[in-house]
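Q: In the working numbering, the protein residues as written are 130 to 400.
Okay, here's the thing in structure tokens:
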């Protein structure tokens, strides 16, 4: 059974719908990339899937039940979400930040229990932060900081992770570090990871399944080797691109791209 689905979702404002009548099923235990131009509805969809925002119409289904049937703590035990640019006080210790991920399991007036401590330790190990547990956020590099927030979501022990542009503002080395960490979590813990990415080559490399949005509609979905083509890039992103198989990484890659010559019809856009 598909864990997470959207049925006839309409999302937006009374006079402006960002997403209209969207139906989508996310494959389990895969890394799913949400790609598309700015304003296509990627972050908006992620907020609705997490329960942070309610759709104007339609239903999000989690494990066969409407997401609205879940109490907040039970929802958090199933879905962990990391927004763009997550914030916490700069003097917060890494371990304390990760411990916030256990809120969904704590009872009123009870501190951390043995199972909470075990989950925190495991999250620190998974994110390769055990040696930095007593460091303050202010002392971390950009990549270390993002790993700390990812560790916080891991402490929730949820099957589904939703991440909105987790590589934003990171240099290339730290971008790859974060994406390889997510790939490892998917492979070792079999988590379903839904991630918004702007770097299309990274999406093709690290995602098992891509959902391509434009103007609030799913234009393409499937494995990268199925949908990552010059035609898709022309139709969705309005770029004239060459796509080739990358022999070392075994995935499609954009090898060159440009804006269209307004006097020419690009090959990728022809019928």
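Ideal placement from N, C-alpha and C gives every residue a C-beta, glycine not left out.
Model, not experiment: these values are computed from the prediction.
Note down the Cα distance separating residue 186 from residue 351, rounded to an integer number of angstroms.
A: The straight-line gap from Cα to Cα measures roughly 26 Å.
Q: What is the DSSP secondary structure of residue 293, reduced to helix, strand or coil?
A: If DSSP states are grouped into helix, strand and coil, residue 293 belongs with the strands.
Q: Within 10 Å of its beta-carbon, does residue 236 have 16 or more other beta-carbons around it, so buried, or fewer, so exposed?
A: It counts as exposed.
Q: If I follow the unbroken beta strand (DSSP E) through residue 134, where does it start and stop?
A: Taken as a continuous stretch (DSSP letters only), the beta strand (DSSP E) holding residue 134 covers 133-142.
Q: For a test of the three-state rule: what should DSSP assign to residue 400, helix, strand or coil?
A: Interpretation of residue 400 is limited by its pLDDT of 45, a score under 50 that renders its predicted location unreliable; no figure is taken from the coordinates.
Q: My output table needs one value for residue 194: the three-state DSSP class, helix, strand or coil.
A: Residue state, collapsed to three classes: strand.
Q: From residue 358 to residue 333, what distance separates their C-alpha atoms?
A: Computed Cα separation, rounded: 11 Å.
Q: Output the boundary residues of the alpha helix (DSSP H) element that contains residue 251.
A: 243-255 is the extent of the alpha helix (DSSP H) around residue 251.
Q: Check for me: the beta strand (DSSP E) holding residue 328 runs from which residue to which?
A: That residue, residue 328, is in no beta strand (DSSP E); it is neither H nor E in DSSP.
Q: Give me whichever residues DSSP pairs with residue 210 in a beta bridge.
A: Looking at the DSSP assignment, residue 210 forms a beta bridge with 291.
Q: Report back the beta-carbon spacing between residue 228 and residue 241 to the nearest angstrom; my notes put them in contact at under 8 Å.
A: Right, their Cβ atoms sit about 6 Å apart.
Q: Take residue 193 as the anchor and find which of 183, 184, 207 and 182 has the nearest alpha-carbon.
A: For the residues 183, 184, 207 and 182, the minimum Cα distance to residue 193 belongs to 207.
Q: So for residue 232, helix, strand or coil by DSSP?
A: Looking at residue 232 - three-state DSSP - the assignment turns out to be helix.
Q: What span of residues does the beta strand (DSSP E) with residue 369 cover, start to end?
A: Element bounds for residue 369: 368-375.
Q: Taking Cβ to Cβ, would you say residue 216 is nearer than 7 Å to residue 337?
A: Contact: no.
Q: If you compare alpha carbons, which of 143, 389 and 343 is closest to residue 164?
A: Measuring from the Cα of residue 164, the nearest candidate turns out to be 343.
Q: Over what stretch of residues does the alpha helix (DSSP H) that includes residue 388 continue unbroken?
A: It is not in any alpha helix (DSSP H) - residue 388 instead sits in the beta strand (DSSP E) that spans 380-388.
Q: Hey, residue 293 and residue 172: beta-carbon distance below 7 Å or not?
A: Going by C-beta atoms, residue 293 is nearer than 7 Å to residue 172.
Q: So with Cβ pairs under 7 Å, would you call residue 250 a contact of chain C?
A: The chain labelled as chain C is not found in the depicted structure, where only one protein chain is given.
Q: Given this structure, state the Cα-to-Cα distance separating residue 389 from residue 366, to the nearest angstrom.
A: Distance between the alpha carbons of residue 389 and residue 366: 11 Å.
Q: Quick check: what's the CA-CA separation for residue 374 versus residue 268?
A: Each residue's Cα considered, the two are about 40 Å apart.
Q: Note down the Cα distance separating residue 400 from residue 348, rounded to an integer number of angstroms.
A: Any reading at residue 400 needs caution, since the residue's pLDDT is 45, under 50, leaving its predicted position unreliable; the model's value is listed next. Cα to Cα, the separation comes out at about 16 Å.
Q: Do the region 172-184 and the region 194-214 meet, that is, are 3 or more Cβ pairs less than 8 Å apart?
A: Verdict: yes, contact present.
Q: How is residue 186 classed by DSSP in three states: helix, strand or coil?
A: Here residue 186 sits in strand by DSSP.
Q: Would you call the region 246-256 and the region 282-300 in contact, with 3 or more CB pairs under 8 Å?
A: With a cut-off of 8 Å, the region 282-300 and the region 246-256 count as touching, because enough Cβ pairs lie within range.
Q: From the DSSP output, which residues share a beta bridge with residue 349?
A: Looking at the DSSP assignment, residue 349 forms a beta bridge with 341.
Q: For residue 247, count the other beta carbons within 10 Å of its own beta carbon; 16 or more makes it buried, fewer makes it exposed. Which is it?
A: Residue 247 comes out exposed.
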